[in-house]
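Novice: Quick one: the structure is below, and I'll ask about it shortly.
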Amino acid sequence: MDLNLFHPKEPSKANLKVIDRWNSHTGYIHCQILEWTGWYNLCLANRLLGHYRLFQIFKQKNSSNTTDLSLERSYILHHRALHGVKYFLVRCTAWYFSIFSFGYAERNVEIQTINRQLLHEASHILQQFLTDSENDFDKAFLNAMEQIRDNRFPYAHIQQPASRVFVQLNEEHLHHTNLSKNEFHVHPVIKEQPAKAAQGKEKDVFSKKQILIVFDLLAENGKFERIDWEKPRRFEAISELMQALTGKPKSSWQEMLKDYTNKDLYDFNTPGERQELINTLTNLAEKFRKAGFRKIAEIADRKILQIESRQ
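Numbered per the numbering used here, the sequence shown spans residues 401 to 711.
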């Protein structure tokens, strides 16, 4: 790991050797002390380093995870439970500091607030950072920093559909012959055009791949036939069925089925694809479990464990 990543960007009198010495600690006791004393909240870079160090320790102590969740997600939930106490203490300190310093702000509370958002509204950024940092820490670190510095953080991933407003001018001509008077009136009418639906996967609607995975999970339950990928002649009839169930065009389903003729539904090539597949199955498991279909949810949970065990 390149510790230069955590040096101040602006010229300062900070002792870089001291910064590097503290940031190089990886032991449980040292990292816990740095966490609770606020060292990891000195700046945004230190906050990400703190999560990385603490996650490595969490991973070592919870290698036999039995909660059916990924270690990254388990870490976030665990850290989220403790953060309330830390955040309360920081806010109290900031309040006292503001009083005795005549209004000057305690900068530590800013990083704590960002940390709270990383654990709640923007937990997807933290989870992706922890996942990607296993292979390339520098790249994962810089990517996470860029996302957090985005002015739309923590809601950058939510796309609001734009609406367009049109002004319609209605002209009215009046001609009075008696008085030899002409009148011209313009009546503006403001109309709002509904925003077009976003292209791609609709919110809260299963994608085509998720639908295929659902069929596979049902087949895994033993009460449903599995799609036979070796019999492409049936793809047209299956596509018609899928179109009737989902409303998505038959042609798109035929292309989707052909794509998976020579590859598995649960294949992945990169850590990012692996995490995306886990997120897909987690989403399915949660929806089925919430709806009361626990057997299907349990099968999805087992699939997640199988994928997490594959490197």
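Glycine included, C-beta positions come from ideal geometry on N, C-alpha and C. Predicted, not measured: the structure shown is a model, and the values here were computed from it.
For Ile699 versus Leu645, is the C-beta spacing smaller than 8 Å?
Specialist: By 1-based counting over the sequence shown, the position of residue 699 is 299. By 1-based counting over the sequence shown, the position of residue 645 is 245. For Ile699 and Leu645, no; Cβs fall outside 8 Å.
Novice: Measuring only the C-alpha atoms, how far is Leu681 from Ala414?
Specialist: As a working note, residue 681 is residue 281 in the sequence shown. As a working note, residue 414 is residue 14 in the sequence shown. Leu681 and Ala414: Cα-Cα distance of roughly 47 Å.
Novice: Per DSSP, what kind of secondary structure is Thr682 in: helix, strand or coil?
Specialist: Within the sequence shown, the letter at position 282 stands for residue 682. Three-state DSSP puts Thr682 in a helix.
Novice: Please report how far the alpha carbon of Ala637 lies from the alpha carbon of Phe615, in whole angstroms.
Specialist: Reading the sequence shown from its first residue, position 237 is the one you call residue 637. Reading the sequence shown from its first residue, position 215 is the one you call residue 615. Answer to the nearest angstrom: the Cα atoms are 15 Å apart.
Novice: Tell me whether the beta-carbon of Phe635 lies closer than 8 Å to the beta-carbon of Leu657.
Specialist: By one-based count along the sequence shown, residue 635 stands at place 235. By one-based count along the sequence shown, residue 657 stands at place 257. Yes, the pair counts as a contact, with Cβ atoms nearer than the cut-off.
Novice: Work out the CA separation of Leu665 and Phe606 for me, nearest whole Å.
Specialist: Position 206 of the sequence shown, counting from 1, holds the residue named residue 606. Position 265 of the sequence shown, counting from 1, holds the residue named residue 665. Taking the straight line joining both Cα atoms gives about 15 Å.
Novice: With a Cβ-Cβ cutoff of 8 Å, do Leu444 and Ile525 count as a contact?
Specialist: As a working mapping, residue 444 is identified with position 44 in the sequence shown. As a working mapping, residue 525 is identified with position 125 in the sequence shown. Against a cut-off of 8 Å, the Cβ pair of Ile525 and Leu444 comes out as no contact.
Novice: Would you list, in sequence order, the uninterrupted alpha helix (DSSP H) runs of no fewer than 4 residues that lie entirely inside the region 615-697?
Specialist: Entirely contained in the region 615-697, the alpha helix (DSSP H) runs reaching 4 residues are, in chain order, 635-646, 650-659 and 671-690.
Novice: Do the CB positions of Met401 and Phe553 come within less than 8 Å of each other?
Specialist: Along the sequence shown, read from residue 1 onward, the residue named residue 401 stands at position 1. Along the sequence shown, read from residue 1 onward, the residue named residue 553 stands at position 153. Their beta carbons are not under 8 Å apart, which means Met401 does not touch Phe553 by this criterion.
Novice: If I follow the unbroken alpha helix (DSSP H) through Asn446, where does it start and stop?
Specialist: The sequence position of residue 446 within the sequence shown is 46, counting from 1. Residues Leu444 to Lys461.
Novice: Does the distance from the CB of Asp420 to the CB of Leu403 come in under 8 Å?
Specialist: As a first step, residue 420 must be located in the sequence shown, where it is residue number 20. As a first step, residue 403 must be located in the sequence shown, where it is residue number 3. Yes. Within cutoff.
Novice: Would you kindly work out how many angstroms separate the C-alpha atoms of Leu705 and Leu469, rounded to a whole number?
Specialist: The residue given as residue 705 occupies position 305 in the sequence shown. The residue given as residue 469 occupies position 69 in the sequence shown. Straight-line Cα distance between these residues: approximately 8 Å.
Novice: Figure out for me which residue from Asn515, Glu676 and Pro671 has the closest Cα to the Cα of Asn441.
Specialist: Walking along the sequence shown from the start, residue 441 turns up at place 41. If we check each option's Cα against that of Asn441, Asn515 comes out closest.
Novice: Along the chain, where does the alpha helix (DSSP H) that runs through Met545 open and close?
Specialist: On the sequence shown, position 145 is the one that residue 545 refers to. Phe537 to Arg549 is the extent of the alpha helix (DSSP H) around Met545.
Novice: Using the C-alpha atoms, what's the distance from Glu630 back to Asn662?
Specialist: As a first step, residue 662 must be located in the sequence shown, where it is residue number 262. As a first step, residue 630 must be located in the sequence shown, where it is residue number 230. Going by the C-alpha atoms only, they are around 9 Å apart.
Novice: Quick one: give me the first and last residue of the alpha helix (DSSP H) that His425 is part of.
Specialist: Reading the sequence shown from its first residue, position 25 is the one you call residue 425. Neither: His425 is in no alpha helix (DSSP H) and is coded neither H nor E.
Novice: With the cut-off set at 8 Å, would you say Ala540 and Asp532 are in Cβ contact?
Specialist: Working through the sequence shown from its first residue, we reach residue 540 at position 140. Working through the sequence shown from its first residue, we reach residue 532 at position 132. Result yes, Cβ atoms of Ala540 and Asp532 sit closer than 8 Å.
Novice: The alpha helix (DSSP H) with Glu529 in it runs from where to where?
Specialist: Here residue 529 is taken as the residue at index 129 of the sequence shown, counted from 1. Position check: residue 529 holds Phe in this sequence, whereas Glu was assumed. That run of the alpha helix (DSSP H) goes Ser523 to Asp532.
Novice: Can you tell me whether Asn423 is buried or exposed? The criterion is at least 16 other CB atoms within 10 Å of its CB, across all chains shown.
Specialist: Here residue 423 refers to the residue found at position 23 of the sequence shown. Burial call: buried.
Novice: Helix, strand or coil, according to DSSP, for Arg552 in the structure here?
Specialist: Sequence index remark: in the sequence shown, residue 552 carries index 152 (1-based). Coil, per DSSP.
Novice: So Phe455 packs on Tyr475, CB below 8 Å; how close in whole Å?
Specialist: For the purposes of this step, residue 455 is taken as residue 55 along the sequence shown, with counting starting at 1. For the purposes of this step, residue 475 is taken as residue 75 along the sequence shown, with counting starting at 1. Correct: roughly 5 Å between the Cβ atoms.
Novice: Is it buried or exposed, Tyr555, if we count other Cβ atoms within 10 angstroms and call 16 or more buried?
Specialist: The residue given as residue 555 occupies position 155 in the sequence shown. Looking at its Cβ environment, which holds fewer than 16 other Cβ atoms inside 10 Å, Tyr555 is exposed.
Novice: Between the C-alpha atoms of Gln517 and Gln675, what's the straight-line distance to the nearest angstrom?
Specialist: Within the sequence shown, the letter at position 117 stands for residue 517. Within the sequence shown, the letter at position 275 stands for residue 675. Going from the Cα of Gln517 to the Cα of Gln675 covers about 21 Å.
Novice: Is the beta carbon of Ala644 within less than 7 Å of some heavy atom of the ligand ZN?
Specialist: The model on display carries no ligand, and the ligand ZN is accordingly not part of it.
Novice: Just how far apart, CA to CA, sit Gln389 and Gly672?
Specialist: Examination of residue 389 is not possible in this model, given that the chain is present from 401 through 711 alone.
Novice: Rank Ser709, Thr426, Pro632 and Val509 by C-alpha distance to the C-alpha of Phe668 and give the top, closest one.
Specialist: In the sequence shown, residue 668 corresponds to position 268, counting from 1. With distances taken between Cα atoms, Phe668 lies closest to Ser709.
Novice: Please list, in chain order, all residues of the same chain as Arg480 whose beta carbon is under 6 Å from its beta carbon, the five residues on each side excluded.
Specialist: Residue mapping note: residue 480 aligns to position 80 of the sequence shown, counting from 1. The answer, listed in chain order, is Leu519.
Novice: Output needed for Arg694: all residues of its chain with C-beta closer than 8 Å, excluding positions within five of it in sequence on either side, in chain order.
Specialist: For this step, residue 694 is matched to residue 294 along the sequence shown. The residues are Phe688.
Novice: Excluding the five sequence neighbours on either side, which residues of its own chain have a C-beta within less than 8 Å of the C-beta of Lys648, listed in chain order?
Specialist: Residue numbering aside, residue 648 sits at position 248 when the sequence shown is read from its first letter. For Lys648, where only same-chain residues beyond five positions count, the Cβ hits under 8 Å are Lys608 and Met642.
Novice: I need the straight-line Cα distance from Lys459 to Arg626, nearest angstrom please.
Specialist: Reading the sequence shown from its first residue, position 59 is the one you call residue 459. Reading the sequence shown from its first residue, position 226 is the one you call residue 626. Going by the C-alpha atoms only, they are around 36 Å apart.
Novice: Mapping the DSSP letters down to three states, classify His407 as helix, strand or coil.
Specialist: Numbered from 1 along the sequence shown, position 7 holds the residue referred to as residue 407. His407: coil per DSSP, three-state reduction.
Novice: Pull up the distance between the alpha-carbon of Tyr452 and that of Ser639, whole angstroms please.
Specialist: Within the sequence shown, the letter at position 52 stands for residue 452. Within the sequence shown, the letter at position 239 stands for residue 639. The straight-line gap from Cα to Cα measures roughly 45 Å.
Novice: Within 10 Å of its beta-carbon, does Lys364 have 16 or more other beta-carbons around it, so buried, or fewer, so exposed?
Specialist: As displayed, the chain neither begins before 401 nor continues past 711, which places residue 364 out of reach and without an answer.
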